[in-house]
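Protein chains in written order, with the numbering used here: chain A, 1 to 226; chain B, 1 to 711. Here a beta-carbon is modelled for each residue, glycine too, at the ideal position from N, C-alpha and C.
In structure tokens, the structure reads:
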């Protein structure tokens, strides 16, 4: 009898332990996602987020989400380097992003968010040298976004990123504010829908960028009319 | 009791959390500077932190037992050490070592200007080539703006570091290409035959190149053809000198491209006065087919065929008696067919194989009728594999079989000559990564020339050492062997091969959009073909030494990209009829190129300017019997303007270019009458470009999916 009680306590505690481990993953990830969503984290904050993600990724080698977010965080760093004109660093971060995306793909079935990240990564390659790489990767990026949108029609990120690609493509290549506007409007609607849902640890980033691009596109169009 | 023990263990590790081990310390780089934002953690736990602005860190963990304390930071090797969490405070000073990643790895750069996607030492890519003013969309024209290339305005081919044009060879996918230039008459410059749009990567090597390339004394132009096209695309070009139509159809793993082009300079030459008396301006009709297929095993199969027929007719001074003119008509047929495969063989080997055939036929009708034929089979089979972590070895076999014929009919006389020049070559090369900072390439090439039954050994070597984060030095050298030119072989096929030895020292600094290269070289020539009164010998020799400087900057000036290249050359040789050492007629002491490109967003335009100065060259003066004349310096300032727009939603480029904007009077020496005048002197005519300027207008439309363009 004593043995039975002890065994029961043991299993209860064991399951409690496993549960605690899962809770730990969920709470750590949720906290990080909130940090990533905070308005304008600076370079130091992004580095800290990346480091935390790396630690979680190393401790949870079966989870695809830490790898996915590492891929995303590296592209955000690449974007920052581009804004500061550090050409050499862009490439470094893009390669890191690619490594994590490949790992994420190996841990789960292909899904809309991963497909979408594939397209975003190709945009990262364009940032390295827009003149040389633009025509090479733009078509493939568009194709990846189309596929991502088809996999999950309510995912706003493929439309938002497609809007980004078009908005920052020169007009003679078929880009510009006028062509980007319908995409950004579509993304805005989907973000409104997404914000009403509980996404848990699943991606929900991009609404802020989408709004910022919408403003820019409107300003570009207004400047053109003058 | 065992259960109780387990229970206690679980309780102590998960519930009580009474143990607290602290890790603190500092993370430094190789130079002892603090590393900011490095990730310091116990691998497998969530516990860790990022280093502060002064490189310090501190964190606590409730874990117990043995864990791996890990420090990671982008661009550095991970640092790890086994620690025991035992409720203590532990301090570490961590020195991170720079990672040997691809981005900053040391590469062999001596002699070579590499260009292409994914290459760190990108110098010129396709877009750079087509937007370089003065190059008129020609690969060769663009590479002439790099240091080491000489300007020989009346010829148009690549002359490198005191070498004659025949000393530069072109290779496509590893196999040598015969006759890579358009056929032309004397003093009308030739162009490269292959469009820059066909290649994903080019390497212009001005010396000391790999043992994989042979039969070139001075330089190798190495072209790598594009892979399977990703997008379907139709291209339409309308130009002041003709037009072209192309279509590429892309499937998942296959693409087919077809193109047809026609150029005719007649309308243009009717508008712009020419110094050449054309009976028929140059015209060309041609087409090409390219098939590319990615196989299920990842192998890549490519087939390319192109055919061009060209003709021109003009009246030119009679070489015998310059006051008289003769009619010359030149017709050329050229067919290139190439098949290549690259893929993985078994577990470790990778295979590259190319088989190519060129058929080249020139028909010249003048006082005599001459028919020159050249049929060339070339092949390259290369196997490579990694040996351990430090070695990449490659070995390959080249077979070249060249048949050259000339039929000459002059009145009743008919001469028919034909020779065959088979050549076998085998090479072995090792890329040896000695350390993160030091790599070496050691190679040996053996060639067997069937005609002379001569076996030649050409050792090649280069080493590169990384001197800093962004800089490196390289040294290279080797022996280079080449069969004499067709003209010499016709006279005497028993001639031995010509030979050169290269020594190069190179320093390169490269950082985000800026590149500086300085290279010094010394080259000696042996066994050059020399004419004596009775026969040809291999007794010619000579040297070339000099300094090449290159600076490219894509970021210092807003929306601008420019490069400056300067070459100093000191060379003399005994060759041809010159038995005393002379500076050859194709070599100039100083060459300066300045290429500037400016992107104007408001106008959606790219403008380009290219300035060239090349110091005077020698020319042969019949009156002195010496290479004693002096050409003018070659000066040029070319301008181009590309306007980028859309026509019915299709990407369109309107391109305008003009050469020699200021109207410099360049001349290329004198042509002397072969017959002396009554007073015994040889009258002469000044050799000038066919026209002072060349003006070009073109409209290029790309019709395809979103974001598609022919560039």
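Subject >> Contacting residues, own chain, Cβ-Cβ under 6 Å from residue 548(B) (five flanking each side not counted) >> reply: Mapped onto the second chain, residue 548(B) falls at position 548. 147, 148, 519 and 567.
**OP:** Compute the Euclidean distance between the alpha carbons of residue 209(A) and residue 135(A), then round it to the nearest angstrom.
**Re:** One-based indexing of the first chain puts residue 209(A) at position 209. One-based indexing of the first chain puts residue 135(A) at position 135. About 24 Å.
**OP:** Pull up the distance between the alpha-carbon of residue 184(B) and that of residue 329(B), whole angstroms please.
**Re:** In the second chain, the residue the question calls residue 184(B) occupies position 184. In the second chain, the residue the question calls residue 329(B) occupies position 329. Rounded to whole angstroms, residue 184(B) to residue 329(B) spans 10 Å at the Cα level.
**OP:** Please determine, among 131(B), 320(B), 35(B) and 227(B), the residue with the shortest C-alpha to C-alpha distance to residue 684(B).
**Re:** As a first step, residue 684(B) is located in the second chain; it is residue number 684 there, counting from the start. When only C-alpha atoms are compared, the closest one is 320(B).
Original post:
By the criterion of Cβ-Cβ separation under 7 Å, what are the contact partners of residue 58(A) in chain B?
Top reply: Your numbering for residue 58(A) matches position 58 in the first chain. Contacts between residue 58(A) and chain B, judged by CB atoms closer than 7 Å, involve 43 and 44 in chain order.
Subject >> Cα-Cα separation, residue 69(B) to residue 63(B) >> reply: For the purposes of this step, residue 69(B) is identified with residue 69 of the second chain, where counting begins at 1. For the purposes of this step, residue 63(B) is identified with residue 63 of the second chain, where counting begins at 1. In this model, residue 69(B) and residue 63(B) are separated by some 12 Å (Cα to Cα).
Original post:
Using 8 Å as the Cβ pair cut-off and three pairs as the minimum, do the region 144–155 of chain A and the region 94–107 of chain A touch?
Top reply: No, the region 144–155 of chain A does not touch the region 94–107 of chain A.
**OP:** With a 10 Å radius around its C-beta and 16 neighbouring C-beta atoms as the bar for buried, classify residue 57(B) as buried or exposed.
**Re:** In the second chain, counting from the first residue as 1, residue 57(B) sits at position 57. Buried, because 16 or more other Cβ atoms sit within 10 Å of the Cβ of residue 57(B).
**OP:** Count the CB pairs spanning the region 61–72 of chain A and the region 106–117 of chain A that are closer than 8 Å, and state whether there are at least three.
**Re:** Cβ pair count under 8 Å is three or more, so yes.
Original post:
In the region 667–689 of chain B, which residues sit with their C-beta less than 7 Å from some C-beta in chain A, listed in chain order?
Top reply: In summary, no residue of the region 667–689 of chain B has a CB separated from any CB of chain A by less than 7 Å.
Original post:
Is the Cβ of residue 257(B) closer than 9 Å to any Cβ of chain A?
Top reply: Reading the second chain from its first residue, position 257 is the one you call residue 257(B). Output row for residue 257(B): interface = no.
Original post:
residue 511(B) versus chain C: which residues are under 9 Å apart at the beta carbon?
Top reply: Within the model displayed, chain C is absent; protein chains A and B are what it includes.
Subject >> Anticipated Cβ contact below 8 Å, residue 187(A) with residue 159(A), distance rounded >> reply: The count along the first chain starts at 1 and reaches residue 187(A) at position 187. The count along the first chain starts at 1 and reaches residue 159(A) at position 159. Residue 187(A) to residue 159(A), Cβ: 4 Å. Contact.
Original post:
Taking a cut of 9 Å between CB atoms, which residues from the region 149–177 of chain A lie near chain B?
Top reply: The residues in question are 165, 166, 169, 170, 171, 172, 173, 174 and 175.
Original post:
Where does the unbroken beta strand (DSSP E) through residue 647(B) begin, and where does it stop?
Top reply: Position 647 of the second chain holds residue 647(B). Boundaries of the beta strand (DSSP E) harbouring residue 647(B): 634–647, taken from the DSSP string.
Original post:
Ends of the beta strand (DSSP E) at residue 158(A)?
Top reply: Residue mapping note: residue 158(A) aligns to position 158 of the first chain, counting from 1. No beta strand (DSSP E) holds residue 158(A); the alpha helix (DSSP H) holding it covers 156–167.
Original post:
Can you tell me whether residue 95(A) is buried or exposed, with buried defined as 16 or more other CB within 10 angstroms of its CB?
Top reply: For the purposes of this step, residue 95(A) is taken as residue 95 along the first chain, with counting starting at 1. Flag for residue 95(A) reads buried.
Original post:
Going along chain A in order, which residues have a C-beta closer than 9 Å to the C-beta of residue 48(B)?
Top reply: If you number the second chain from 1, residue 48(B) lands on position 48. Residues of chain A whose Cβ lies closer than 9 Å to the Cβ of residue 48(B) are, in chain order, 51, 52, 54 and 55.
Original post:
residue 222(A): which of 181(A), 36(A), 144(A) and 143(A) sits nearest, CA to CA?
Top reply: For the purposes of this step, residue 222(A) is taken as residue 222 along the first chain, with counting starting at 1. With distances taken between Cα atoms, residue 222(A) lies closest to 181(A).
Original post:
Does residue 93(A) get closer than 9 Å to chain B when you measure Cβ to Cβ?
Top reply: Here residue 93(A) refers to the residue found at position 93 when the first chain is read from its first residue. Closer than 9 Å to some Cβ of chain B, the Cβ of residue 93(A) qualifies, so yes.
Original post:
For the 8 Å Cβ check, are there 3 or more pairs between the region 390–407 of chain B and the region 424–439 of chain B?
Top reply: Yes, the region 390–407 of chain B is in contact with the region 424–439 of chain B.
Original post:
Considering only residues of the same chain and omitting the five flanking positions on each side of residue 88(A), which have a CB-CB separation below 8 Å?
Top reply: Taking the first residue of the first chain as 1, we reach residue 88(A) at position 88. Taken in chain order, the list of residues that qualify is empty.
Original post:
Using Cβ-Cβ distances below 8 Å, what residues of the region 645–666 of chain B are close to chain A?
Top reply: For the region 645–666 of chain B, which is checked against every Cβ of chain A, the residues closer than 8 Å are 645, 646, 649, 651 and 652.
Subject >> Sub-9 Å separation of residue 162(B) and residue 584(B) beta-carbons >> reply: Start at 1 with the first residue of the second chain, and residue 162(B) comes out as number 162. Start at 1 with the first residue of the second chain, and residue 584(B) comes out as number 584. With a cutoff of 9 Å on beta-carbon distance, residue 162(B) and residue 584(B) are scored as near each other.
Original post:
Nearest-angstrom Cα distance between residue 527(B) and residue 72(B)?
Top reply: Along the second chain, read from residue 1 onward, the residue named residue 527(B) stands at position 527. Along the second chain, read from residue 1 onward, the residue named residue 72(B) stands at position 72. Distance between the alpha carbons of residue 527(B) and residue 72(B): 58 Å.
**OP:** Spatial neighbours of residue 154(B) within its chain, please: CB distance less than 7 Å, with the 5 preceding and 5 following residues excluded, ordered by chain position.
**Re:** Working through the second chain from its first residue, we reach residue 154(B) at position 154. For residue 154(B), where only same-chain residues beyond five positions count, the Cβ hits under 7 Å are 187, 189, 668 and 687.
Subject >> Nonlocal neighbours in the same chain, by C-beta distance under 7 Å from residue 455(B), ignoring five residues either side >> reply: Here residue 455(B) refers to the residue found at position 455 when the second chain is read from its first residue. For residue 455(B), where only same-chain residues beyond five positions count, the Cβ hits under 7 Å are 446 and 448.
**OP:** Output, in chain order, the set of chain B residues within a Cβ distance shorter than 7 Å of residue 47(A).
**Re:** Here residue 47(A) corresponds to residue number 47 of the first chain, with the count starting at 1. Residues of chain B passing the Cβ test: 37 and 50.
Original post:
Taking the alpha-carbon positions, what's the residue 120(B) to residue 163(A) distance?
Top reply: As a first step, residue 120(B) must be located in the second chain, where it is residue number 120. As a first step, residue 163(A) must be located in the first chain, where it is residue number 163. Any reading at residue 120(B) must be qualified, since the residue scores a pLDDT of 41, below 50, and its modelled position is unreliable; no value is offered.
Original post:
What residues from the region 122–149 of chain A come within 9 Å of chain B, judged by C-beta to C-beta, listed N to C?
Top reply: Within the region 122–149 of chain A, 129, 131, 132, 133, 134, 135, 136, 137, 138, 139, 140, 141, 142 and 143 place their CB atoms closer than 9 Å to a CB of chain B, listed in sequence order.
Original post:
Among all the DSSP beta bridges, which residues are the ones paired with residue 283(B)?
Top reply: Your numbering for residue 283(B) matches position 283 in the second chain. Partner(s): 264(B) and 311(B).
Subject >> Span of the beta strand (DSSP E) around residue 232(B) >> reply: The residue labelled residue 232(B) in the question sits at position 232 within the second chain. For residue 232(B), there is no enclosing beta strand (DSSP E), as DSSP marks it with neither H nor E.
Original post:
In terms of DSSP beta bridges, what is residue 67(B) paired with?
Top reply: Numbered from its first residue, the second chain carries residue 67(B) at position 67. According to DSSP, which records beta bridges pairwise, residue 67(B) is partnered with 83(B).
**OP:** Measure the C-alpha to C-alpha separation of residue 85(B) and residue 48(B) and round it to an integer number of angstroms.
**Re:** Numbered from its first residue, the second chain carries residue 85(B) at position 85. Numbered from its first residue, the second chain carries residue 48(B) at position 48. If you take the alpha carbons of residue 85(B) and residue 48(B), they lie about 13 Å apart.
Original post:
What distance in whole Å lies between the Cβ atoms of residue 605(B) and residue 642(B), which are believed to be in contact at a cut-off of 8 Å?
Top reply: Taking the second chain and counting its residues from 1, one reaches residue 642(B) at position 642. Taking the second chain and counting its residues from 1, one reaches residue 605(B) at position 605. Confirmed, Cβ separation roughly 6 Å.
Original post:
Candidates 240(B), 243(B) and 304(B): which alpha carbon is nearest residue 225(B)'s?
Top reply: Stepping through the second chain from its first residue, residue 225(B) is reached at position 225. Of 240(B), 243(B) and 304(B), the residue nearest in Cα terms is 304(B).
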